[in-house]
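**Student:** This is the structure I have questions about; it appears just below.
Number of protein chains: 4
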Amino acid sequence: MPDSKITIEEFNALSIEKLPFAELMGFQVEDIGYGAARMRLPVGARHLRPGGTVAGPALMGLADATMYAVVLGMIGPVELAVTTNLTCNFLRRPSVADVVAEGRILKLGKRLAVGEVSLYSEGDPEPVAHVTATYSIPPGADGREAVAP
Amino acid sequence: MPDSKITIEEFNALSIEKLPFAELMGFQVEDIGYGAARMRLPVGARHLRPGGTVAGPALMGLADATMYAVVLGMIGPVELAVTTNLTCNFLRRPSVADVVAEGRILKLGKRLAVGEVSLYSEGDPEPVAHVTATYSIPPGADGREAVAP
Amino acid sequence: MPDSKITIEEFNALSIEKLPFAELMGFQVEDIGYGAARMRLPVGARHLRPGGTVAGPALMGLADATMYAVVLGMIGPVELAVTTNLTCNFLRRPSVADVVAEGRILKLGKRLAVGEVSLYSEGDPEPVAHVTATYSIPPGADGREAVAP
Amino acid sequence: MPDSKITIEEFNALSIEKLPFAELMGFQVEDIGYGAARMRLPVGARHLRPGGTVAGPALMGLADATMYAVVLGMIGPVELAVTTNLTCNFLRRPSVADVVAEGRILKLGKRLAVGEVSLYSEGDPEPVAHVTATYSIPPGADGREAVAP
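Each protein sequence line maps, in turn, to chains A, B, C and D. Residues 0 to 148, numbered by numbering that gives the first Met the number 0, are exactly what the first sequence covers, in order. Residues 0 to 148, numbered by numbering that gives the first Met the number 0, are exactly what the second sequence covers, in order. Residues 0 to 148, numbered by numbering that gives the first Met the number 0, are exactly what the third sequence covers, in order. Residues 0 to 148, numbered by numbering that gives the first Met the number 0, are exactly what the fourth sequence covers, in order.
Rendered as structure tokens:
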């Protein structure tokens, strides 16, 4: 991946404040590049449905956090970026394994960023869910104008 | 509301097994009718973002659970109904108050149920989020063929 | 409906330029208020599928045009408002009748407007489709800052 | 691409009946494989907005037709497959060029098929729109049970 404008350490520090749901669920960021990111939901009892599958809201939350990482990887640590729209298609029953989310940008504009996230049960190439999401970017924080020296 | 095919007590019993996320988050069902339901997310630190707003995944999870109540209110306690698609528009920053979700059916078919859920911060008439969701209904469990007794 | 910031005549004049698809399809605006609008797709061979139903893209186009009317009813004749997201749930097979679209605002912000549109075959109270759509509003054109005189 | 269960000629023959909107708009199928398809919207005055861009409903219609080709490529010429949900993110203003739609399957189930379509102005690698769509498949027509000898 090309260089991110935020490090994993910076993202984790932001997450504690800005993504309490990610903290609660135990999401882990694995890679952030410029326009792509990968996060993981480790297997854990709290997110499971009986029978072993991961709850839908946990999948949507993981996708949302992954898109946040994608966006911050392009514009830097802008705290005020917020999700405005999220569409999730649930495709397959997740297996009892970590869920890995691969996000990538579709469009970074001055005011909106749109991306997609594919979610997989680790070890299975077929996605368990697919998400598209839109983030609103506060004025002056888009990737083409410098957000900081 | 017209009569539901599931009582609140039956729904709560099912939730413990089928909606562990709802349990974790503390969602409360308030009313289930035939084609409509209302649920509540009580204010609580776990679902909050810093600054006091409710996390997006908690809102989506509340809407998903509400649609589950809407669907079961029409087809009875069918455990295998699953969400196939959920679209959320985040409209306003929730205030520090309970979130109330009002769900209603748009279409109950033999195989799919589609509905919408409007979410409000209690006491504010403007919605904080709007969700449309589709549930897949297992064969033989639609509202027009008897699923019971 | 409360007063619109655009008249039906002004909207029709704009449509010829800005909504060529609406012109092609023969959409007719029936009412525009502040935060709500109604449009109609008259029965016509071009929009029909064999068997008499209206084609999906014609329904989505009608919903999109209706949301445009809803937005312009709130911000006045701002030509540059553009759709950024549209989600359509197809609910029932339309009958051989006019399609009527009822749109209403969910949220008018400074930069985004979100609304929903329910589409009906005339004379049938059950919706044939449901749409949520987001419009991006150019800077300086939102409803709270004066866009005129 | 792997082998399709429908030829381009068979698809075109079906389109005349089943996709009158595609006929009206002049969509052309270019390739159908097992799980992927490519269609084209040739530049033409009818689909353009003033200023030269393609109308949103034409893009959504092209994506819908492309998904239909993707699905029929996997299950064969099943006329009764219908769209149940379509979500479109409009990303960039299309240029005055053909629009090319690349569709691929995300999940083929017994009852539902979900896919995504990326739309490009020819010659530009950045997508102008991104669509996810769900088709409902009539009983007995899924890809795993033989639909034909």
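Virtual Cβ for every residue (Gly too), placed ideally from N, Cα, C.
Kindly give me the distance between the Cβ atoms of B:Ala132 and B:Gly114, rounded to whole angstroms, as I take these residues to be in contact under 8 angstroms.
**Tutor:** Position 133 of the second sequence holds residue 132 of chain B. Position 115 of the second sequence holds residue 114 of chain B. Yes, B:Ala132 and B:Gly114 are in contact; Cβ-Cβ is about 6 angstroms, under 8 angstroms.
**Student:** Which runs of the alpha helix (DSSP H) at least 4 residues long sit entirely within the stretch 68-124 of chain A? Give them in chain order.
**Tutor:** none
**Student:** At the 8 angstroms Cβ level, is A:Ala35 part of the contact set with chain B, yes or no?
**Tutor:** Within the first sequence, numbered from 1, the residue matching residue 35 of chain A stands at position 36. So, not an interface residue.
**Student:** Taking C:Arg39 as the reference, give the member of C:Gly102, C:Glu9, C:Ser135, C:Ala80 with the closest Cα.
**Tutor:** Residue mapping note: residue 39 of chain C aligns to position 40 of the third sequence, counting from 1. Nearest option by C-alpha distance: C:Gly102.
**Student:** Is it true that the stretch 71-82 of chain C meets the stretch 68-84 of chain D, where meeting means three or more beta-carbon pairs spaced less than 8 angstroms apart?
**Tutor:** no
**Student:** Closest to D:Val42 by CA distance: which of D:Gln27, D:Tyr33, D:Lys4, D:Ala112 is it?
**Tutor:** The residue labelled residue 42 of chain D in the question sits at position 43 within the fourth sequence. Comparing Cα positions, the closest option is D:Gln27.
**Student:** Taking the Cβ atom as the reference point for each residue, do A:Arg91 and A:Glu121 lie within a distance shorter than 8 angstroms?
**Tutor:** As a working note, residue 91 of chain A is residue 92 in the first sequence. As a working note, residue 121 of chain A is residue 122 in the first sequence. Cβ atoms of A:Arg91 and A:Glu121: not closer than 8 angstroms.
**Student:** Just to confirm, does C:Glu9 get its C-beta within under 7 angstroms of one of the non-hydrogen atoms of the ligand NAD?
**Tutor:** In terms of ligand content, the structure shown is empty, and the ligand NAD therefore cannot be addressed.
**Student:** Using CA coordinates, which residue listed in A:Ala128, A:Leu105, A:Lys106 is at the minimum distance from A:Met149?
**Tutor:** Past the edges of chain A, shown from 0 to 148, lies residue 149 of chain A, and the structure says nothing about it.
**Student:** Cβ of A:Val116 less than 8 angstroms from any chain D Cβ?
**Tutor:** Stepping through the first sequence from its first residue, residue 116 of chain A is reached at position 117. By this cut-off, A:Val116 is not an interface position.
**Student:** Beta carbons nearer than 7 angstroms to chain A: which residues of the stretch 53-67 of chain B have them?
**Tutor:** Ala54, Gly55, Pro56, Ala57, Met59, Gly60, Asp63
**Student:** For B:Leu18, which beta-bridge partners are listed by DSSP?
**Tutor:** One-based indexing of the second sequence puts residue 18 of chain B at position 19. B:Leu18 is not bridged to any residue.
**Student:** Might you give, ordered along the chain, the residues of its own chain that have their beta carbon closer than 7 angstroms to the beta carbon of D:Ala147, omitting 5 neighbours on each side?
**Tutor:** Against the fourth sequence, residue 147 of chain D aligns to sequence position 148. With a pLDDT of 35 at D:Ala147, under the threshold of 50, the modelled position of this residue cannot be trusted, and the question is left open.
**Student:** Going by DSSP, name the residue or residues bridged to D:Ser135.
**Tutor:** Counting from 1 along the fourth sequence, the entry for residue 135 of chain D is found at position 136. BP columns for D:Ser135 point to D:Val81, D:Leu111.
**Student:** DSSP on B:Ile5, reduced to helix/strand/coil?
**Tutor:** Working through the second sequence from its first residue, we reach residue 5 of chain B at position 6. Of the three classes helix, strand and coil, the one that applies to B:Ile5 here is coil, per DSSP.
**Student:** Over what stretch of residues does the beta strand (DSSP E) that includes B:Val28 continue unbroken?
**Tutor:** Here residue 28 of chain B is taken as the residue at index 29 of the second sequence, counted from 1. 27-32 is the extent of the beta strand (DSSP E) around B:Val28.
**Student:** Just by C-beta distance, which residues in the stretch 81-105 of chain C are closer than 7 angstroms to chain B?
**Tutor:** Within the stretch 81-105 of chain C, the qualifying residues are Thr86, Asn88, Leu90, Arg91, Leu105.
**Student:** Beta strand (DSSP E) containing D:Ala150: first to last residue?
**Tutor:** Look at the range of chain D in this structure, 0 to 148, and you will see that residue 150 of chain D is not part of it.
**Student:** Name, in chain order, the residues that DSSP records as bridge partners for D:Val127.
**Tutor:** Residue numbering aside, residue 127 of chain D sits at position 128 when the fourth sequence is read from its first letter. Looking at the DSSP assignment, D:Val127 forms no beta bridge with any residue, so it has no partner.
**Student:** Applying the 10 Å Cβ sphere with the 16-neighbour rule, what's the burial state of B:Asp2?
**Tutor:** Working through the second sequence from its first residue, we reach residue 2 of chain B at position 3. Exposed, since its Cβ has fewer than 16 Cβ neighbours within 10 Å.
**Student:** Using a Cβ-Cβ distance cut-off of 8 angstroms, determine whether A:Pro124 contacts chain D.
**Tutor:** In the first sequence, counting from the first residue as 1, residue 124 of chain A sits at position 125. For A:Pro124, the answer is no, since every Cβ of chain D falls outside 8 angstroms of its Cβ.
**Student:** So is C:Val69 buried or exposed if we call it buried at 16+ other beta carbons inside 10 Å?
**Tutor:** For this step, residue 69 of chain C is matched to residue 70 along the third sequence. Under this definition C:Val69 is a buried residue.
**Student:** Which word fits A:Tyr134, buried or exposed, when buried means at least 16 other C-beta atoms lie within 10 angstroms of its C-beta?
**Tutor:** Position 135 of the first sequence, counted from the start, is the residue given in the question as residue 134 of chain A. By the neighbour-count rule (16 or more Cβ atoms within 10 Å), A:Tyr134 is buried.
**Student:** Grab me the residues of D:Pro93's own chain with a C-beta within less than 7 angstroms of its C-beta, minus the 5 sequence neighbours each way, in chain order.
**Tutor:** Your numbering for residue 93 of chain D matches position 94 in the fourth sequence. Cβ within range, chain order: Thr52, Val53, Ser120, Val127.
**Student:** Quick check on this structure: which residue in A:Tyr67, A:Ala12, A:Glu22 has the alpha carbon closest to the alpha carbon of A:Arg37?
**Tutor:** Walking along the first sequence from the start, residue 37 of chain A turns up at place 38. Of A:Tyr67, A:Ala12, A:Glu22, the residue nearest in Cα terms is A:Tyr67.
**Student:** Compare the C-beta of B:Gly142 with all C-beta atoms of chain D and state if any pair is closer than 8 angstroms.
**Tutor:** Counted from its first residue, the second sequence places residue 142 of chain B at position 143. With a pLDDT of only 45 at B:Gly142, under 50, the local geometry of the prediction cannot be trusted, and the value read off the model is given with reservation. Not one chain D Cβ lies under 8 angstroms of B:Gly142.
**Student:** Please list, in chain order, the chain D residues whose beta carbon lies closer than 8 angstroms to that of A:Val70.
**Tutor:** As a working note, residue 70 of chain A is residue 71 in the first sequence. Neighbours of A:Val70 on chain D: none; closest Cβ ~14 angstroms, over 8 angstroms.
**Student:** Of all the CB atoms in chain A, is at least one closer than 8 angstroms to the CB of C:Leu107?
**Tutor:** Residue numbering aside, residue 107 of chain C sits at position 108 when the third sequence is read from its first letter. No - not a single Cβ of chain A is within 8 angstroms of the one on C:Leu107.
**Student:** Of the residues that make up the stretch 125-136 of chain D, which ones have a beta carbon closer than 8 angstroms to any beta carbon in chain A?
**Tutor:** Only those residues of the stretch 125-136 of chain D whose C-beta falls short of 8 angstroms from the nearest C-beta of chain A are listed: Glu125, Pro126, His129, Thr131, Thr133.
**Student:** For the candidate residues D:Gly34, D:Cys87, D:Lys109, D:Val98, whose alpha-carbon lies nearest to that of D:Leu71?
**Tutor:** Numbered from its first residue, the fourth sequence carries residue 71 of chain D at position 72. The candidate whose alpha carbon is nearest that of D:Leu71 is D:Gly34.
**Student:** With C-beta atoms as the reference, is D:Cys87 less than 8 angstroms away from C:Leu85?
**Tutor:** Position 88 of the fourth sequence holds residue 87 of chain D. Position 86 of the third sequence holds residue 85 of chain C. A Cβ-Cβ contact shorter than 8 angstroms links D:Cys87 with C:Leu85.
**Student:** Would you kindly check if the distance between the Cβ of A:Gly55 and the Cβ of B:Asp63 is under 8 angstroms?
**Tutor:** Against the second sequence, residue 63 of chain B aligns to sequence position 64. Against the first sequence, residue 55 of chain A aligns to sequence position 56. Taking 8 angstroms as the Cβ cut-off, B:Asp63 and A:Gly55 qualify as a contacting pair.
**Student:** Between the C-alpha atoms of D:Asn11 and D:Val116, what's the straight-line distance to the nearest angstrom?
**Tutor:** Taking the first residue of the fourth sequence as 1, we reach residue 11 of chain D at position 12. Taking the first residue of the fourth sequence as 1, we reach residue 116 of chain D at position 117. The alpha-carbon atoms of D:Asn11 and D:Val116 are separated by roughly 19 angstroms.
**Student:** So for C:Glu144, helix, strand or coil by DSSP?
**Tutor:** Position 145 of the third sequence holds residue 144 of chain C. For C:Glu144, the predicted model reports a pLDDT of 41, less than 50, meaning its position is unreliable and no value from the coordinates is stated.
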